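Going left to right, the sequence shown walks through residues 4 to 239 as our numbering numbers them.
Read the structure below first, then the notes.
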Amino acid sequence: MEKIKSDEVHSADFKIQEVIRQYHNEIDLIAFDVPFNLPVCLQSDDCCTSIEDCKKPHVKWMWDYTRKLHKKKKPRKLFTPYTQRCVEMYVSSELEEPFILQHAMGANTAPLLARAMYLKRGLKAKCIEVFPKLSVWRLGRSLNVMKSHLRFHKHAIGGDESRREILHALSAHNVAFVYDQDVKLMIENNHAFEAFICALTAFLSFKGGTEPRPDGFPSNEDWIEFPRLNARWDGF
């Protein structure tokens, strides 16, 4: 996809959609590594004007989460439901490691969200959101890859060696067969590597191998797909 660029006639977005349409009969899931929905507070006209008196389920969840967190640590900034989602708060403290997922409408992610929303309009297949860093962590831990490789797989220095180790573990445990030229590409290019991780996570989601929403998580909030803890690969 990195080689897909706009020209004087067609946009890169058009070309991406054309590639996907070529395989539409074979696609069950499409994985995005960015949000493709606005935060709930920006999706409707009847949203409250302040979090202090809002009774919406997602804001109530955010309040409960924040109060629980403040009991453990000194109070931090309050949440902003027009930029962030419950899932970003959840993965930052409720898993085995803290994972920092950028706010959906934060300065870095908002332009990517807008593009993903635009692309999604032309897609018929079900779409899911994946956080590659978290998927890499869960996949790697289940395959006994060193934590240092999982934490630094995208670093400019040493990231290529980390990706090599992760791909070797996937192959050694018969989780995925990848041609040598594709392994070489993913070792050299982290974008290609994370695209592969997104695809593998989508396959796990299709097979029921990803984490469900936790109890009490708002049903109208986005959730990201990531592998279950201590996944087993026997018979995979």
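Note that the Cβ used here is the ideal one computed from N, Cα and C, for glycine as well.
Keep in mind it's a predicted model, so treat the numbers as computed, not measured.
Taking residue i as the reference, give the member of the options with the closest Cα.
i: A202; options: E21, E214 and V139; result: V139
i: L98; options: E214, P221, N223 and G162; result: E214
i: D163; options: S145, L137, W236 and N193; result: N193
i: Y26; options: D48, D16, L126 and F82; result: L126
i: F229; options: G211, T112, K63 and D48; result: G211
Tell me residue i's beta-bridge partners as DSSP assigns them.
i: V133; result: E228
i: T52; result: Answer is none; T52 lacks a bridge partner.
Can you check whether the CB of residue j is closer than 8 Å to the CB of residue i?
i: A128; j: D31; result: yes
i: D218; j: P38; result: no
i: P42; j: Y85; result: yes
i: F82; j: I227; result: no
Rounded to whole angstroms, what is the Cα-Cα separation between residue i and residue j?
i: A234; j: G143; result: 10 Å
i: D185; j: V90; result: 32 Å
i: I7; j: R24; result: 15 Å
i: A34; j: C44; result: 24 Å
i: L232; j: S145; result: 7 Å
i: G161; j: S47; result: 45 Å
i: Y182; j: C57; result: 53 Å
i: W236; j: R141; result: 13 Å
i: R167; j: N177; result: 15 Å
i: C51; j: F206; result: 38 Å
i: T69; j: H171; result: 40 Å
Return the first residue and the last residue of the alpha helix (DSSP H) that residue i is part of.
i: I169; result: G162 to A175
i: A117; result: A113 to K123
i: I19; result: A15 to Q25
Could you tell me the boundaries of the beta strand (DSSP E) in which residue i lies?
i: L45; result: Counting along the chain, L45 falls outside any beta strand (DSSP E), and DSSP gives it neither H nor E.
i: A202; result: Here A202 belongs to no beta strand (DSSP E); instead the alpha helix (DSSP H) covers N193 to F209.
i: F35; result: L32 to F35
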